[in-house]
Amino acid sequence: MLKKVLATFGHGGATVEVLPSAPEVTPGETISGQVLLLGGQVDQELGSLSVDLVTEVHMGENSSADPSEDPTVTLPFTKVEVGSRRLIQPGESIMLPFELTMPWETPITISRTGFLSGMAVGIRAEADLNMTFVDAVAIAPIVVTPLPSQQRILDAMTNIGFVPKAADMEYNSLRGVEQQLPFIQEIEYEPPTEFSENLHDVELTFVARAHDLQVVLEVDKRVRVSKGEDITARGETTMGDFVLLHEEIDEIDWEDRLQAWLTNVARTPAILG
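Its first residue numbered 0, the sequence shown is counted upward by one per residue in numbering that gives the first Met the number 0.
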């Protein structure tokens with residue numbers, strides 16, 4: 000009797016483990032694997048078992064949480080059901096296959112220069128156990144590699160001297176951009192010396208689709224506080240938007256194109272006062 004009571008609170012109850020078939024995947028691809036459902040010390044009834052993709056998203060102004068708490072949540076963005084009602088016996092081992100199609104807008108976690116600091120994507124399995132207060136949950140991290148078109152843009156930014164500092168997910172949408180997911184990935188770059196006087200930082204966002212890639216650049220310019228003082232601060236924001244077909248990525252000199260656009264943005268710093 001005591002074991003049954005403890006199992007309702009997760010002690011000695013059934014557990015799950017996610018076993019992806021591959022450690023990495025690219026947006027638009029399918030990743031498969033299995034969920035290992037392992038019975039605990041008592042009989043338990045499985046209501047359902049789902050598998051979804053999750054990432055850490057900064058809610059910002061959209062968060063209703065206490066401002067003193069970290070407004071970052073683990074947000075699901077693709078979900079499939081892989082198990083239905085059944086009895087799980089003590090010590091029983093059940094393998095359930097799953098298959099997930101990665102949305103084209105899935106955030107990437109790595110580039111040619113290394114892992115993107117601040118990024119995390121995982122596959123989460125959640126077993127809804129009837130008559131319990133605690134469900135069985137497990138998350139397996141996965142590496143999301145860039146599409147060739149995304150990698151080409153990342154290479155171009157590096158080649159013109161912009162150094163990636165960090166990346167995060169924002170619960171937000173881009174004005175005038177058709178999005179599948181309710182959040183965007185922002186990859187933040189530190190400008191090279193030739194731009195550092197006029198640009199504070201540059202954030203790059205990809206919105207990938209089956210046939211094309213939209214590249215959005217958000218540039219924070221340094222604003223001269225006064226004409227008579229050599230004092231600057233972060234100020235004016237400028238947006239840039241490029242759309243390219245995946246198969247045409249190598250037909251354009253992206254170093255020249257990005258360099259020209261950023262040079263034009265940086266040419267005349269704004270002045271206050």
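Note that CB positions come from ideal geometry on N, CA and C, so glycine has one too. As the structure is a computational prediction, the values presented were derived from the model and not from experiment.
Alpha carbon to alpha carbon, how far is residue j from residue i? Give it in angstroms, no decimals.
i, j, result
"Ser31", "Ala137", "16 Å"
"Phe97", "Val79", "8 Å"
"Phe182", "Leu37", "34 Å"
"Met238", "Ala166", "18 Å"
"Leu135", "Glu125", "Going by the sequence as given, residue 135 is Ala instead of Leu. So the alpha carbons of these two residues sit roughly 6 Å apart."
"Ser47", "Leu86", "11 Å"
"Ala275", "Ser195", "No statement about residue 275 is possible, as the shown extent of the chain runs from 0 to 272 and does not include it."
"His77", "Arg266", "Note on identity: in this sequence residue 77 is Thr, with His being the wrong assignment. About 43 Å."
"Leu261", "Glu235", "14 Å"
"Gln179", "Tyr170", "13 Å"
"His210", "Gln184", "19 Å"
"Leu99", "Val17", "13 Å"
"Gln150", "Gly113", "12 Å"
"Ser83", "Gly12", "18 Å"
"Leu198", "Arg174", "23 Å"
"Pro190", "Arg221", "12 Å"
"Ile248", "Val15", "42 Å"
"Leu212", "Asp252", "16 Å"
"Asn263", "Ile152", "19 Å"
"Leu115", "Glu217", "18 Å"
"Gly117", "Pro70", "14 Å"
"Val56", "Gly121", "13 Å"
"Leu35", "Leu146", "31 Å"
"Ser49", "Val81", "6 Å"
Pop quiz: residue i and residue j are said to be a contact at Cβ under 8 Å. What is the actual Cβ separation, rounded to whole angstroms?
i, j, result
"Asp219", "Asp200", "5 Å"
"Leu257", "Ser148", "The pair is not a contact, with the Cβ atoms about 14 Å apart (cut-off 8 Å)."
"Val215", "Val176", "7 Å"
Quick check: is the beta carbon of residue i nearer than 8 Å to any beta carbon in chain B?
i, result
"Ala165", "Of the protein chains in the structure, only one exists, and it is not chain B."
Would you call the CB atoms of residue i and residue j closer than 8 Å?
i, j, result
"Thr54", "Ala119", "yes"
"Arg123", "Pro75", "yes"
"Ile186", "Glu23", "no"
"Met58", "Val72", "yes"
"Pro26", "Val143", "yes"
"Asn274", "Glu250", "Residue 274 is absent from the structure shown; the chain starts at 0 and stops at 272."
"Tyr188", "Met168", "no"
Return the chain-ordered list of same chain residues with a C-beta closer than 8 Å to the C-beta of residue i, the five sequence neighbours on each side being excluded.
i, result
"Glu193", "Gly160"
"Pro89", "Gly38, Gly39, Gln40, Val41, Asp42"
"Ser172", "Gln178, Pro181, Ile183"
Spatial neighbours of residue i within its chain, please: CB distance less than 7 Å, with the 5 preceding and 5 following residues excluded, ordered by chain position.
i, result
"Glu246", "none"
"Glu28", "Met101"
"Asp154", "Arg111"
"Asp51", "Pro75, Thr77, Lys78, Arg123"
"Glu91", "Gly38"
"Ala21", "Ile30"
Tell me which residues share the same chain as residue i and place their Cβ nearer than 6 Å to its Cβ, disregarding the 5 neighbours each side in the sequence.
i, result
"Asn129", "Glu44, Gly46"
"Gln33", "Leu18, Met94, Pro96"
"Asp127", "Gly46, Ser47, Asp134"
Could you check if residue i belongs to the surroundings of the ligand SAH, using beta carbon to heavy atom distance under 7 Å?
i, result
"Gly27", "Absence of the ligand SAH is noted for the structure shown, with no ligands found whatsoever."
Would you call the stretch 90 to 108 and the stretch 203 to 213 touching, i.e. three or more CB-CB distances under 8 Å?
Counting C-beta pairs with one atom in each stretch, the stretch 90 to 108 and the stretch 203 to 213 have three or more that are closer than 8 Å, which means they touch.
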